[in-house]
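Student:
Number of protein chains: 2
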Amino acid sequence: MAHRVFNFNPGPATLPLSVLQTVQEELLDYRGEGMSIMEMSHRSKTFGALVQEAEERIKRIMGFSDDYQVLFLQGGATAQFAAIPLNLSQDGKTAEYINTGSWAKKAIAEAKKLNKPYRVIASSEDDNFTYIPTDFTIGSDAAYVHITSNNTIFGTQWQEYPDTGDVPLIADMSSDFYCRRFDPNQFALIYAGAQKNAGPSGVTIVIIRKDLLERSPEDIPTILNYRIFAEKNSLYNTPNTFGIYVVNLVMKWIEDQGGIDAIEKVNRQKAQLLYDALDASEFYRPHARKDSRSLMNVTWRLPSEELEKKFVEEAAANDLVGLKGHRSVGGIRASIYNAMPLEGVQRLVEFMKDFEQKNG
Amino acid sequence: MAHRVFNFNPGPATLPLSVLQTVQEELLDYRGEGMSIMEMSHRSKTFGALVQEAEERIKRIMGFSDDYQVLFLQGGATAQFAAIPLNLSQDGKTAEYINTGSWAKKAIAEAKKLNKPYRVIASSEDDNFTYIPTDFTIGSDAAYVHITSNNTIFGTQWQEYPDTGDVPLIADMSSDFYCRRFDPNQFALIYAGAQKNAGPSGVTIVIIRKDLLERSPEDIPTILNYRIFAEKNSLYNTPNTFGIYVVNLVMKWIEDQGGIDAIEKVNRQKAQLLYDALDASEFYRPHARKDSRSLMNVTWRLPSEELEKKFVEEAAANDLVGLKGHRSVGGIRASIYNAMPLEGVQRLVEFMKDFEQKNG
Numbered sequence: 110m111a112h113r114v115f116n117f118n119p120g121p122a123t124l125p126l127s128v129l130q131t132v133q134e135e136l137l138d139y140r141g142e143g144m145s146i147m148e149m150s151h152r153s154k155t156f157g158a159l160v161q162e163a164e165e166r167i168k169r170i171m172g173f174s175d176d177y178q179v180l181f182l183q184g185g186a187t188a189q190f191a192a193i194p195l196n197l198s199q200d201g202k203t204a205e206y207i208n209t210g211s212w213a214k215k216a217i218a219e220a221k222k223l224n225k226p227y228r229v230i231a232s233s234e235d236d237n238f239t240y241i242p243t244d245f246t247i248g249s250d251a252a253y254v255h256i257t258s259n260n261t262i263f264g265t266q267w268q269e270y271p272d273t274g275d276v277p278l279i280a281d282m283s284s285d286f287y288c289r290r291f292d293p294n295q296f297a298l299i300y301a302g303a304q305k306n307a308g309p310s311g312v313t314i315v316i317i318r319k320d321l322l323e324r325s326p327e328d329i330p331t332i333l334n335y336r337i338f339a340e341k342n343s344l345y346n347t348p349n350t351f352g353i354y355v356v357n358l359v360m361k362w363i364e365d366q367g368g369i370d371a372i373e374k375v376n377r378q379k380a381q382l383l384y385d386a387l388d389a390s391e392f393y394r395p396h397a398r399k400d401s402r403s404l405m406n407v408t409w410r411l412p413s414e415e416l417e418k419k420f421v422e423e424a425a426a427n428d429l430v431g432l433k434g435h436r437s438v439g440g441i442r443a444s445i446y447n448a449m450p451l452e453g454v455q456r457l458v459e460f461m462k463d464f465e466q467k468n469g
Numbered sequence: 110m111a112h113r114v115f116n117f118n119p120g121p122a123t124l125p126l127s128v129l130q131t132v133q134e135e136l137l138d139y140r141g142e143g144m145s146i147m148e149m150s151h152r153s154k155t156f157g158a159l160v161q162e163a164e165e166r167i168k169r170i171m172g173f174s175d176d177y178q179v180l181f182l183q184g185g186a187t188a189q190f191a192a193i194p195l196n197l198s199q200d201g202k203t204a205e206y207i208n209t210g211s212w213a214k215k216a217i218a219e220a221k222k223l224n225k226p227y228r229v230i231a232s233s234e235d236d237n238f239t240y241i242p243t244d245f246t247i248g249s250d251a252a253y254v255h256i257t258s259n260n261t262i263f264g265t266q267w268q269e270y271p272d273t274g275d276v277p278l279i280a281d282m283s284s285d286f287y288c289r290r291f292d293p294n295q296f297a298l299i300y301a302g303a304q305k306n307a308g309p310s311g312v313t314i315v316i317i318r319k320d321l322l323e324r325s326p327e328d329i330p331t332i333l334n335y336r337i338f339a340e341k342n343s344l345y346n347t348p349n350t351f352g353i354y355v356v357n358l359v360m361k362w363i364e365d366q367g368g369i370d371a372i373e374k375v376n377r378q379k380a381q382l383l384y385d386a387l388d389a390s391e392f393y394r395p396h397a398r399k400d401s402r403s404l405m406n407v408t409w410r411l412p413s414e415e416l417e418k419k420f421v422e423e424a425a426a427n428d429l430v431g432l433k434g435h436r437s438v439g440g441i442r443a444s445i446y447n448a449m450p451l452e453g454v455q456r457l458v459e460f461m462k463d464f465e466q467k468n469g
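First to last, the sequence lines map onto chains A and B.
Under my numbering, the first residue of the first sequence is numbered 110, with each subsequent residue one higher.
Under my numbering, the first residue of the second sequence is numbered 110, with each subsequent residue one higher.
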């Protein structure tokens, strides 16, 4: 039996053990084809069918209609930060961004760098991003509205998505992709680096409403052109074939668990358990405001940096790893993505109680 | 024992069996860390050391000095086709391209699309890219010279690289990366999608002479900016961690085989065996001119398309798969990258003789 820890890393992150076991079993000979999935042509029938299966699962799990297309791209959110203004800017219109943390800021900085008209219509920077702003107005000249649905570093998450009317709503869902049910029709485009909730790093999932594809201009880098990749069903060039294979297995795992509602139920149990433990204690101080708490990344401080360091070290010695917070917040961050079992959070909460008793 | 075929696919392509076995063994628990390499933070010490090891191996194998930096990027050659003109164009200068086939044409088309000054200084399109042009002049105002060192589709390869003097020479080595020794100092930049000779798809190796990094402008997409990724040692954002891990194993495999000279020796044996078989036959007609033949992709025709179809089917039934030629050339293409064992080519040549006897 392989030694396995509970891995609270923010990303790349823990994957379902059954998915890893399938990858391991199939690694030298993918389903009788006599080669690894890594060695298989992306132009083969087998791989073409695999891409289609992965796309269909992604649409089916959340109920995306055929008005939407799934793309598998490369470059993570960083590539999307550029692709969005390059593809979706419109003459006479201004892109709108909501600033809820480090990743939102990077998205904004990229629109600025590429000289596309943009404005920030709301921000929670005034309180070190402890909350999701709710007071803002969408301009009638907005090209699109961009939000970051979950803020990995600060541990905040949009509880309800804004109604942007006819203005396309775009969400970076990298750190909460498919963690709960949402209405697909609210969005014109969502994107997610796979490495938190959907697979290994190096593959980016984009779900785009097909009417937006008309906006892509000719004179932008081909690798960032949504229309070209949509026309070729993600196979314009060689994609990250292994990554797409694992994403498909993770999507199958979601379906095998009972679908998105079953996943959401466990995610809410895990988060509740952890937030209840934090709220019951004076020793631990949660960072995010209660009305903005994330189901995926839970952030908190201890009375001193010394204790925080000790907490991280002792947790790791107990096979609870990856708990060090990001330097922007400090303290502790527990990333409890879909693949983190309830048992992992139970073990963490037990450890927290024990640690408080000894050090509180 | 896993069933394994001889895989002549042009890319993604066959990998060394020992590499795949290591991946399989380590898949659930990377060297005692209690998690898969896919689940490990790219900011961890372990992964940081792995990236550095991979970079050092790549430099050491070919003898690149510290004037050069290795980058692991995403998006394949398609991303580099854009990154090169975006980063390396210079005011008042013109980029020069040599057109030796489909991939060279795509590189040229991207410079045009992005409105960067360029010119094509030589082409072998007049004879359906059967040869590498040798008659051309480098302009004194050249920003760089771009070549495609091996042409996967047509089966041609530069035998000697051009002397471009002070003008930076850039080579797309996607399909012949580290197949033979070359003088690193000839090049200002080489790049290769890993999926032919270096690993799985989804990771691009770039080796850049550091003085070129000064050219990268501010206002280009961050994901395509060489300078930013060089400053962060390929970890500006989350790279394809699994892909880099496999590339490192493949580089270790090259060293274990005896290094680049040992690899080249076997590659020359394999190619000689196959070209000798083609030259000894009237039945098979090689596509590439003798003075431009590739060590990596061998292309030929049969007397009829019907026989070509039969050849591909019967070969596959004999566990020799992936031999169908690209539609631009037709016929047969055998991709015999580093990881194709001599035995695979021996088996192919036996099959060819047998097929000719029965159908010639």
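Just so it is clear, CB atoms sit at the ideal spot from N, CA and C, and this is done for glycine as well.
Treat the numbers as computed from the prediction; the structure is a model and nothing was measured.
1) What does the Cβ neighbour count give for M149/A, buried or exposed, with the cut at 16 atoms within 10 Å?
2) Does the beta-carbon of S343/B have 16 or more other beta-carbons within 10 angstroms, so that it is buried, or is it exposed?
3) Return the CA-CA distance between E459/A and A424/A, expressed in angstroms with no decimal places.
4) Counting only beta-carbon separations shorter than 7 Å, does M110/A have a partner in chain B?
5) Measure the C-alpha to C-alpha separation of L429/A and S401/A and round it to an integer number of angstroms.
6) So is the beta-carbon of D250/B under 6 Å away from any non-hydrogen atom of the ligand ADP?
7) In angstroms, rounded to a whole number, what distance separates the CA positions of G434/A and A158/B?
8) Where does the unbroken alpha helix (DSSP H) through T243/B begin, and where does it stop?
9) Can you give the Cα-Cα distance for P277/A and I279/B, rounded to whole angstroms?
10) Find the nearest neighbour of R442/A within the set L182/A, M449/A, S174/A, R410/A, judged by alpha-carbon distance.
11) Taking only three categories from DSSP, how would you classify T347/B?
12) Which stretch, first to last residue, makes up the alpha helix (DSSP H) that contains G453/A?
13) For the beta strand (DSSP E) that contains V179/A, what are its first and last residues?
14) Grouping DSSP H, G and I as helix and E and B as strand, with all else coil, what is W362/A?
15) Considering just the uninterrupted stretch of the beta strand (DSSP E) at D385/A, what are its terminal residues?
16) Residues in its own chain within less than 7 Å of A252/B by CB, not counting five upstream and five downstream?
17) Could you work out which residues of chain A lie near V132/B, taking near to mean beta carbons separated by less than 8 Å?
18) Using a threshold of 7 Å, state whether the C-beta atoms of F238/B and G210/B are closer than that.
19) Run through chain B and tell me which residues come within less than 7 Å of A252/A, C-beta to C-beta.
20) Going along the region 201 to 224 of chain B in order, which residues come within less than 9 Å of chain A, judged by CB to CB distance?
21) What ranges does the alpha helix (DSSP H) occupy inside the region 192 to 239 of chain B, keeping only unbroken runs of at least 4 residues that lie completely in it?
22) Are there 16 or more other CB atoms within 10 angstroms of the CB of L451/A, so buried, or fewer, so exposed?
23) Excluding sequence positions up to five away, which residues of its chain have a Cβ less than 6 Å from the Cβ of S403/B?
24) Could you compute how far the alpha carbon of V375/A sits from the alpha carbon of T123/A?
25) Using DSSP bridges, identify the partner residues of N260/B.
26) Going by beta carbon distance, what residues of the same chain come within less than 7 Å of I170/B, once the five residues before and after it are set aside?
27) Look up N406/B in the DSSP assignment and say whether it is helix, strand or coil.
28) In terms of residue numbering, what span does the beta strand (DSSP E) encompassing I279/A cover?
29) Nearest to I167/A by CA position, among N406/A, I317/A, H396/A, is which residue?
30) Which runs of the beta strand (DSSP E), 3 residues or longer, sit entirely within the region 295 to 347 of chain A?
31) Do you know how far the Cα of I353/B is from the Cα of Y393/A?
32) So what does DSSP say about Y139/A, is it helix, strand or coil?
33) Give the straight-line distance between the Cα atoms of K63/B and H255/B, rounded to the nearest whole angstrom.
34) Please list, in chain order, the chain E residues whose beta carbon lies closer than 9 Å to that of L129/A.
35) Given a threshold of 16 other Cβ atoms within 10 Å of its Cβ, counted over all protein chains shown, does E323/A qualify as buried or as exposed?
36) Helix, strand or coil: how does DSSP classify F115/A here?
Tutor: Put simply:
1) Indexing the first sequence from 1 puts residue 149/A at position 40. By the neighbour-count rule (16 or more Cβ atoms within 10 Å), M149/A is buried.
2) Mapped onto the second sequence, residue 343/B falls at position 234. Burial is judged here by how many other beta carbons sit within 10 angstroms of a residue's own beta carbon; S343/B has at least 16 and is buried.
3) As a first step, residue 459/A must be located in the first sequence, where it is residue number 350. As a first step, residue 424/A must be located in the first sequence, where it is residue number 315. In this structure, the CA atom of E459/A is about 11 Å from the CA atom of A424/A.
4) Stepping through the first sequence from its first residue, residue 110/A is reached at position 1. Chain B, which has no Cβ nearer than 7 Å to the Cβ of M110/A, makes this no.
5) In the first sequence, the residue the question calls residue 429/A occupies position 320. In the first sequence, the residue the question calls residue 401/A occupies position 292. Answer to the nearest angstrom: the Cα atoms are 25 Å apart.
6) This structure simply doesn't include the ligand ADP, nor any ligand for that matter.
7) Position 325 of the first sequence, counting from 1, holds the residue named residue 434/A. Position 49 of the second sequence, counting from 1, holds the residue named residue 158/B. A158/B has its alpha-carbon roughly 22 Å from the corresponding atom of G434/A.
8) Counted from its first residue, the second sequence places residue 243/B at position 134. Per DSSP, T243/B lies in no alpha helix (DSSP H) and is assigned neither H nor E.
9) Position 168 of the first sequence, counted from the first residue, corresponds to residue 277/A. Position 170 of the second sequence, counted from the first residue, corresponds to residue 279/B. In a straight line, the C-alpha of P277/A is about 41 Å away from that of I279/B.
10) To locate residue 442/A, count along the first sequence from 1; it is residue 333. For the residues L182/A, M449/A, S174/A, R410/A, the minimum Cα distance to R442/A belongs to R410/A.
11) Locating residue 347/B in the second sequence gives position 238, where the first residue counts as 1. When DSSP states are grouped into helix, strand and coil, T347/B belongs to the coil group.
12) Within the first sequence, the letter at position 344 stands for residue 453/A. G453/A -> alpha helix (DSSP H) spans 451 to 468.
13) Position 70 of the first sequence, counting from 1, holds the residue named residue 179/A. V179/A -> beta strand (DSSP E) spans 177 to 182.
14) Against the first sequence, residue 362/A aligns to sequence position 253. Reduced to three states, the DSSP call for W362/A is helix.
15) As a first step, residue 385/A must be located in the first sequence, where it is residue number 276. Segment 369 to 388 is the alpha helix (DSSP H) holding D385/A; no beta strand (DSSP E) there.
16) As a working note, residue 252/B is residue 143 in the second sequence. If we look at A252/B and ignore the five residues flanking it on each side, its Cβ neighbours are L197, S198, Q199, K202, T203, A204.
17) Translated into the one-based positions of the second sequence, residue 132/B becomes position 23. Listed along chain A, the residues sitting closer than 8 Å to V132/B by beta-carbon distance are L136.
18) The residue given as residue 238/B occupies position 129 in the second sequence. The residue given as residue 210/B occupies position 101 in the second sequence. The answer is yes: Cβ separation under 7 Å.
19) If you number the first sequence from 1, residue 252/A lands on position 143. The premise fails here: A252/A is roughly 18 Å from chain B at the closest Cβ pair, so nothing lies under 7 Å.
20) So the list reads K215, A218, E219, K222, L223, N224, given in the order they occur along the chain.
21) Listed in chain order, the complete alpha helix (DSSP H) runs (minimum 4 residues) inside the region 192 to 239 of chain B are 211 to 222.
22) Mapped onto the first sequence, residue 451/A falls at position 342. Here L451/A is exposed: its Cβ has fewer than 16 other Cβ atoms, across all protein chains shown, within 10 Å.
23) The residue you call residue 403/B lines up with position 294 of the second sequence. Contacts found: N259, G264, T265, Q266.
24) Here residue 375/A refers to the residue found at position 266 of the first sequence. Here residue 123/A refers to the residue found at position 14 of the first sequence. The C-alpha of V375/A lies about 16 Å from the C-alpha of T123/A.
25) Along the second sequence, read from residue 1 onward, the residue named residue 260/B stands at position 151. DSSP, once it has assigned bridges, lists T265/B as partnering N260/B.
26) As a working mapping, residue 170/B is identified with position 61 in the second sequence. Around I170/B: Y287, M360, I363, E364, G368, I369.
27) To locate residue 406/B, count along the second sequence from 1; it is residue 297. DSSP places N406/B in the strand class (E or B) of the three-state scheme.
28) Walking along the first sequence from the start, residue 279/A turns up at place 170. Per DSSP, I279/A is one residue of the beta strand (DSSP E) stretching across 278 to 281.
29) For the purposes of this step, residue 167/A is taken as residue 58 along the first sequence, with counting starting at 1. Among N406/A, I317/A, H396/A, the Cα nearest to that of I167/A is on I317/A.
30) Taking 3 residues as the shortest admissible run, the region 295 to 347 of chain A contains the following complete beta strand (DSSP E) segments, listed from N- to C-terminal end: 298 to 302, 313 to 318.
31) Here residue 393/A is taken as the residue at index 284 of the first sequence, counted from 1. Here residue 353/B is taken as the residue at index 244 of the second sequence, counted from 1. In this structure, the straight-line span from the alpha carbon of Y393/A to that of I353/B is close to 38 Å.
32) Within the first sequence, residue 139/A is the residue found at index 30, counting from 1. Looking at Y139/A - three-state DSSP - the assignment turns out to be helix.
33) The structure shown does not extend to residue 63/B, since chain B is modelled only from 110 to 469, so the question has no answer here.
34) No chain E is part of this structure, whose protein chains are labelled A and B.
35) For the purposes of this step, residue 323/A is identified with residue 214 of the first sequence, where counting begins at 1. That one is exposed.
36) Here residue 115/A corresponds to residue number 6 of the first sequence, with the count starting at 1. DSSP, reduced to helix, strand and coil, places F115/A within a strand of the structure shown.
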